[in-house]
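Step one of this worksheet: look at the structure below.
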Amino acid sequence: MRISAMFDRLKGKRPALVAYLTAGDPSPGRTPALVAALERGGADLIELGVPFSDPVADGPVIQAASERALEAGTTLVKVLEIAGEIRRNSQIPLLLFTYLNPVLKYGVSALARDAVNAGIDGVLLTDLTVEEAGETADLLRKAPLDTVFLAAPTSPPRRLEMLAKRSSGFVYLVSRMGVTGERQSLSDSLAPLVSGMRRVTSLPLVAGFGISTPAQAALVGRMADGVAVGSAIVRLIEQNQNSPGLENKLESFARGLSSALHGVNA
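The C-terminal position of the sequence shown is numbered 306 in this note's numbering, with every residue numbered one higher than the one before it.
Pasting the structure below:
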């Protein structure tokens, strides 16, 4: 699997840079070029966000991106088409980042099949709890797709054990509670979450929610195997959506984050 192979390649060298963007923002046709720019800048894995009309876990920046993508006609079918186009030109790991509702409407088995055919490597269902994952996670894993779950600072040890059992590819650590978005400082709750998760799994740990600067990325990279950046990327897209220089700005931003991680011994 591409996700595991990427983490194996980077192990002991540096943390991975995981970049999130909302598929279809500002338009479905532009997303593959934006992904290519992030990859040129040093992104190691791309999280493709599926736009949704009620994104309860997202802050205002990603909510606005969802609205723009939906207005541009981006559906789950379209996101899979975008993934297929990306895959024709790149072997970068792709993680589908979505709420459960669009998946249930599409059909879990159908999505699993079509996602694999499109070149998707894994799925993170933001509002599917590990306790309720059961059959959905099993169908995705059989496809085969990695199933990534969110571990929060408030998760008790028993829950971390369940997350470890259900997860493949990596575990996504929520660095603080609340919705997605940039933060001036990072939560002190990340270090205990990392150590708690390390006790129950050997899977790579990726930390996200609130990381927006190279300095923050380096700080988190000293603890985790990967650093996820989302809102800062989506904000850059929003601010430059009508500019022909957007791709260059994205590449430059990713390069700054990647350079910071190259200075960290994973």
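Here a beta-carbon is modelled for each residue, glycine too, at the ideal position from N, C-alpha and C.
All figures in this text were calculated on a predicted structure; none of them were measured in a lab.
Extent of the continuous beta strand (DSSP E) to which residue i belongs
| i | result |
| --- | --- |
| V267 | G266 to V269 |
| A247 | L245 to G248 |
Per DSSP, cross-strand counterpart(s) of residue i
| i | result |
| --- | --- |
| G209 | Bridge partners of G209: none, in fact. |
| T394 | Outside the displayed range of the chain (41 to 306) lies residue 394, so it cannot be described from this structure. |
| D186 | G162 |
| L136 | L88 and V163 |
| V214 | G248 |
| L57 | V267 |
| A191 | L213 |
Cβ-based burial, residue i [other Cβ within 10 Å; buried from 16]
| i | result |
| --- | --- |
| L144 | exposed |
| S207 | buried |
| A59 | buried |
| P196 | exposed |
| Q256 | buried |
| D154 | buried |
| P232 | exposed |
| V101 | buried |
| V117 | exposed |
| A123 | buried |
| E287 | buried |
Rounded separation between residue i and residue j - CA only
| i | j | result |
| --- | --- | --- |
| D311 | P284 | For residue 311 there is no data in the structure shown, the boundaries of the chain being 41 and 306. |
| L151 | G162 | 11 Å |
| A300 | A56 | 11 Å |
| I160 | V170 | 21 Å |
| S229 | P193 | 6 Å |
| A104 | F47 | 32 Å |
| L140 | K53 | 35 Å |
| G82 | L185 | 24 Å |
| G270 | Y212 | 13 Å |
| S235 | G248 | 16 Å |
| P66 | S106 | 9 Å |
| N282 | V274 | 14 Å |
| S298 | F189 | 24 Å |
| F340 | T138 | Outside the shown range of the chain, which is 41 to 306, sits residue 340, and nothing can be said about it. |
Closest by C-alpha distance to residue i, when choosing among the options
| i | options | result |
| --- | --- | --- |
| I86 | A76, F92, S93 and D94 | A76 |
| T241 | G266, G261, L230 and L200 | L200 |
| I43 | P91, E111 and L136 | L136 |
| L110 | V148, P133, M237 and G89 | G89 |
| G69 | L116, A83, E121 and P91 | E121 |
| V214 | L245, K205 and V119 | L245 |
Residue i: first and last residue of the uninterrupted alpha helix (DSSP H) it sits in
| i | result |
| --- | --- |
| V304 | Element bounds for V304: n/a, residue is neither H nor E. |
| T71 | T71 to R80 |
| S44 | R42 to L50 |
| P254 | P254 to G261 |
| N129 | L116 to N129 |
| G236 | L230 to R238 |
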